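As you go down the protein sequences, you meet chains A and B in turn. Residue 64 in our numbering sits at position 59 of the first sequence, and the numbers go up by one each step. Residue 371 in our numbering sits at position 345 of the second sequence, and the numbers go up by one each step.
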Amino acid sequence: MIEKIKNISSRRIILGTALALVALFLAKGAFGLVTETVARKNGSLEYRVMLVQDMEWSGIENRDGVLITTDLDPQLATREIAKFSSLKFYMEYTVFPGEMVVYYMEPGDAGFSANKRVWLTPVQGEMGWYTADTSMKTVSAIRIDPTMYAGNQLTFGDFIFNEEKTVTDYFEISAGDIFNLFLYTGIISSVLKFLQEMLKKEID
Amino acid sequence: MIIPLFVLTVVLAFAFALYALADIRPSLTPLVSLVTIADIVVIFGMFGMLYKGVEITLIAAVIVTSFAVKKYKNNIKEKLSDFLQPGVILFATSCLLMLAYLSYAQPIMHEWDEFSFWGISQLLIKNHDRLYTYYSSSMLGQSIPPALPVLSYIFQWCGTRFVEWTGFFAYDVLMFAAFSAFTAAFERKSTNSAIFVYLLAFITPFFFAVSEFLTYMKPVYITAYSDIPMALTFAGAVAVYFFSEKGNENAIIPVLPVLMFITFTKDMGLALGCIALFVIFFDMLVARENFVFLKIKGFFGKCFAAFVMLMTVGGTYFGWGFHLGKVLAVNRTDYGGSSGMGIVQMLLTGVKELLIGPKSDKFLFIQDNFIQAFSGTKVSMIGSGRNVVLLIVIIFVFAFVFGDKKGKKRSATMLFSTTVGFVGYYIFHLLLYVYILGDEAYNLVSYDRYMYTYYIPWLMMAVFCLAMAARDGAKFWAKGALAGIVCCVLLLFNFYIIPENIFTGVTGNSFAIRKDVAAKADHIRDVIGEDDVIFLYCGQDDGMRWFTYTFELIDNYIIPNRGFVSTGQTEQETKQLLQKEMYDRFKDYGVTHMLMDWTSHDFCLYFDELCDVSTSETGNAAVGYYKVIYGNNSLRFELVKGGKVNFD
């Protein structure tokens, strides 16, 4: 066995690492698919449609039925979602909203934090719809930052939480995934090669 | 995509020629090749021959390569095989991947200083095929050296229009070439160690550039900012010398174009060039035995080599200064700023005040802040500068402990010289904050950005020493330490950067202001004359929109609004005073048109009566372009074109 390991070529190590990472990616997708399907069946992951009136506001004022942002960090929040896997909502605006973010707070967290957030992006081909996807998380609160500008008149439609995903959604490849594939293949295969050299005692 | 690919091919071909003809280590050649080409083009540009300069330089590079191929035609395969060391392969692969990604994602410039200088200068050079010193525009910083904008130009010189992502790509090629140089300790049998160093170098900028955006990948490789490319080129200059095996001019001459490029990058490049020179000279003095430079042996040879490097840095600095004096009638050494001092006067006054006193209140305040910032201001994923320095010292200690006899000497020497360099760099910045910056100096604005310009190359220089130990010393331990450091940095990288968010910053809504301004500019572009001098009014602007308009309406002067300051006893008196003030200002600048980007309550109150169509109809998602009609001490605005703009 050890002799076999000693004789694995560098190419095989790189290829093996890359394939292992791809397998890991697929396993992660499959895990997401299975856990979310189970959670949906037992009711813990709930499809939920909310309106803006159902949420807590901050930095937004209702002026005669028109919602206007009053500072640079307007927020909408809800504590009615227990498990969170995706959000899709409709919004019209008068000023381009800039960066749009969803924060999630997990049970035990003191508050929302910068390393628990997902960026909202426009839905291709569906004007006015924005979406954010993540792996399923148990949450105590969700906060939406819909714009980074004051004086923006916003008109919201439905907020759809945890919409059912298609199977391919779980295996969607992003530019970040490709970047990670190269980065981790390079580093992990180099570490493995180092360990192999150690085993072969090629390093004094 | 074809032009950048062609230029990249020429850079690689010339790199091969440098390896074959000048016997430079293969992994060092991409950097030397790229900066040599860029330096020559900059010099052509200084004589008003930018377009021809690129053509001549690229043709010359191809001719030299052909000569090298012809010379080694009998063993060209062998030569090529020797050339393709891990650094070169990693360089070429990264460039091709980045080229594919950028041409697919087509990111645009959207950060503050991309519109104040670093991006707009690229646009100006491309539009005019000349350096920006040869004509006037709304761009600030006309005296800043042109290496990076020219590098961007080289990669698209014969394109029909300016392509922003090609500018990002040019920067990336420079940085990847520096990474290649960092791996030069390793040949193919140690590919995994080369990969460690290359990927560590790739991640290191993120390790520092996270203070503002902790959880998504700040576009380190998709930006026109100069700090990180300059920092990496600085480390590249030291790498080109450090990894050269030769104890003669072969170790020094390839460094010269890199030093030249650093000095041509930014005013701070002079300081970094001098520090690189000092680090190299100190290493020569202590660790290089039997050194011969242009047939001069020993100590005098080393001094002569240092003198040649100094002449290169100084010559570049004063050469650009001479160009500025000739073309713009500007004195390069005059930094100006809040105290109106030249650089020499600033250094003399500052060092005297620092060492002898008496110190002004501003000096004492900023000095205290600087001392506290070293241990209190977060500049990296591991915290303050103190933590970063500790990490760097630990890597040097590893390199010292695991290095061979020569490696120990070089590690200790490098630690000493780079520490001295850091102290000098820190004091230089203290003086810049005291004498050059205005009120923003009290808050140490951009402190982290200025500091990581030194921390990044310093960390890499420590890694150079560890890489040498992994090659020549206690290989197992040194390689293990190298692998351990890479894994630790990667863990931190993972902790701070959520995979889902990687690259979102350049594909999502980050371009909001840019898109909005671009749409408004496009809406009125057909009615803007080439001689129009445009007053921009934007009620909610912090300067960003003005900068962005100067980029979008590059061929016109854009005069920013400075706010309304006059107040009278009554509203009517205030109105009269402000209208008079505006009249005088418009006359001074020769304003012909007003661009109403975003109206305000104050503007409506004091100036709306001067407009034939109320500005309240313009603003959010709508724009107005007015012609200025001068009367006797009065103004009127006639709407030329306006209306709603859809910028989604």
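Every residue, glycine too, gets a C-beta built ideally from N, C-alpha and C. On a predicted model such as this, the values are computed, not experimentally measured, just so you know.
Cβ neighbour criterion (16 or more within 10 Å) applied to residue i
{"i": "residue 86 of chain B", "result": "exposed"}
{"i": "residue 395 of chain B", "result": "buried"}
{"i": "residue 546 of chain B", "result": "buried"}
{"i": "residue 161 of chain B", "result": "exposed"}
{"i": "residue 132 of chain B", "result": "exposed"}
{"i": "residue 280 of chain B", "result": "buried"}
{"i": "residue 397 of chain B", "result": "exposed"}
{"i": "residue 182 of chain B", "result": "buried"}
{"i": "residue 176 of chain B", "result": "buried"}
{"i": "residue 474 of chain B", "result": "buried"}
{"i": "residue 238 of chain B", "result": "The pLDDT assigned to residue 238 of chain B is 49, lower than 50, so where the model puts this residue is not dependable; a value taken from the coordinates is nonetheless given after this. That one is exposed."}
{"i": "residue 588 of chain B", "result": "exposed"}
{"i": "residue 376 of chain B", "result": "buried"}
{"i": "residue 54 of chain B", "result": "buried"}
Counterpart residues of residue i in DSSP-defined beta bridges
{"i": "residue 160 of chain A", "result": "A:97"}
{"i": "residue 563 of chain B", "result": "B:622"}
{"i": "residue 394 of chain B", "result": "Residue 394 of chain B is not bridged to any residue."}
{"i": "residue 649 of chain B", "result": "B:669"}
{"i": "residue 127 of chain A", "result": "A:135"}
{"i": "residue 40 of chain B", "result": "The partner list for residue 40 of chain B (beta bridge, DSSP) is empty, contrary to what the question assumes."}
{"i": "residue 583 of chain B", "result": "B:559"}
{"i": "residue 637 of chain B", "result": "B:663"}
{"i": "residue 80 of chain A", "result": "A:63"}
{"i": "residue 150 of chain A", "result": "A:106"}
{"i": "residue 33 of chain B", "result": "According to DSSP, which records beta bridges pairwise, residue 33 of chain B is partnered with nothing at all."}
{"i": "residue 74 of chain A", "result": "A:65"}
For residue i, three-class secondary structure by DSSP
{"i": "residue 193 of chain A", "result": "helix"}
{"i": "residue 136 of chain B", "result": "coil"}
{"i": "residue 68 of chain A", "result": "strand"}
{"i": "residue 25 of chain A", "result": "helix"}
{"i": "residue 44 of chain A", "result": "helix"}
{"i": "residue 573 of chain B", "result": "helix"}
{"i": "residue 183 of chain B", "result": "coil"}
{"i": "residue 171 of chain A", "result": "coil"}
{"i": "residue 203 of chain A", "result": "helix"}
{"i": "residue 292 of chain B", "result": "coil"}
{"i": "residue 165 of chain A", "result": "strand"}
{"i": "residue 27 of chain B", "result": "coil"}
{"i": "residue 142 of chain B", "result": "helix"}
{"i": "residue 209 of chain A", "result": "Unreliable placement is indicated for residue 209 of chain A, whose pLDDT of 46 sits below 50; the coordinate value is still reported in the next sentence. Residue 209 of chain A falls in the coil class under three-state DSSP."}
{"i": "residue 409 of chain B", "result": "strand"}
{"i": "residue 249 of chain B", "result": "coil"}
{"i": "residue 92 of chain A", "result": "strand"}
{"i": "residue 141 of chain A", "result": "strand"}
{"i": "residue 55 of chain A", "result": "strand"}
{"i": "residue 356 of chain B", "result": "coil"}
Selection from the options that minimises the alpha carbon distance to residue i
{"i": "residue 478 of chain B", "options": "B:231, B:502, B:619, B:511", "result": "B:231"}
{"i": "residue 229 of chain B", "options": "B:250, B:202, B:251, B:94", "result": "B:202"}
{"i": "residue 190 of chain B", "options": "B:146, B:497, B:480, B:557", "result": "B:146"}
{"i": "residue 114 of chain A", "options": "A:145, A:42, A:133", "result": "A:145"}
{"i": "residue 44 of chain A", "options": "A:169, A:180, A:188, A:153", "result": "A:169"}
{"i": "residue 86 of chain A", "options": "A:200, A:153, A:148, A:195", "result": "A:148"}
{"i": "residue 74 of chain A", "options": "A:123, A:56, A:98", "result": "A:98"}
{"i": "residue 26 of chain B", "options": "B:80, B:89, B:28", "result": "With chain B covering 27 to 674 only, the question about residue 26 of chain B has no answer from this structure."}
{"i": "residue 103 of chain A", "options": "A:39, A:202, A:188, A:153", "result": "A:153"}
{"i": "residue 557 of chain B", "options": "B:582, B:539, B:540", "result": "B:582"}
{"i": "residue 291 of chain B", "options": "B:325, B:251, B:428", "result": "B:251"}
{"i": "residue 578 of chain B", "options": "B:31, B:621, B:392, B:208", "result": "B:621"}
{"i": "residue 74 of chain B", "options": "B:555, B:353, B:481", "result": "B:353"}
{"i": "residue 28 of chain B", "options": "B:99, B:126, B:69", "result": "B:126"}
{"i": "residue 270 of chain B", "options": "B:381, B:71, B:486, B:306", "result": "B:306"}
The ligand MN heavy atom lying under 7 angstroms from the CB of residue i
{"i": "residue 304 of chain B", "result": "Looking at this structure, you won't find the ligand MN or any other ligand, since it has none at all."}
Give the list of continuous alpha helix (DSSP H) stretches no shorter than 4 residues that lie fully inside the segment 435-523 of chain B. 473-498, 501-522, all fully within the segment 435-523 of chain B.
List in chain order: all unbroken beta strand (DSSP E) runs of 3+ residues lying wholly within the segment 152-207 of chain B. DSSP runs (the beta strand (DSSP E)) wholly in the segment 152-207 of chain B: none.
Would you mind listing the alpha helix (DSSP H) stretches within the segment 52-103 of chain B that are 4+ residues and don't spill past its ends, in chain order? Whole alpha helix (DSSP H) segments, 4+ residues: 55-72, 76-97.
List in chain order: all unbroken alpha helix (DSSP H) runs of 4+ residues lying wholly within the segment 101-125 of chain A. Within the segment 101-125 of chain A, no complete alpha helix (DSSP H) run reaches 4 residues.
In chain order, what are the residue ranges of uninterrupted alpha helix (DSSP H) at least 4 long that sit wholly in the segment 308-342 of chain B? At a cut-off of 4 residues, not a single continuous stretch assigned as alpha helix (DSSP H) sits fully inside the segment 308-342 of chain B.
Which residues, in chain order, does the segment 178-199 of chain A contribute to contact with chain C at a C-beta distance below 9 angstroms? Checking the listed chains, one finds no chain C in this structure; the protein chains it contains are A and B.
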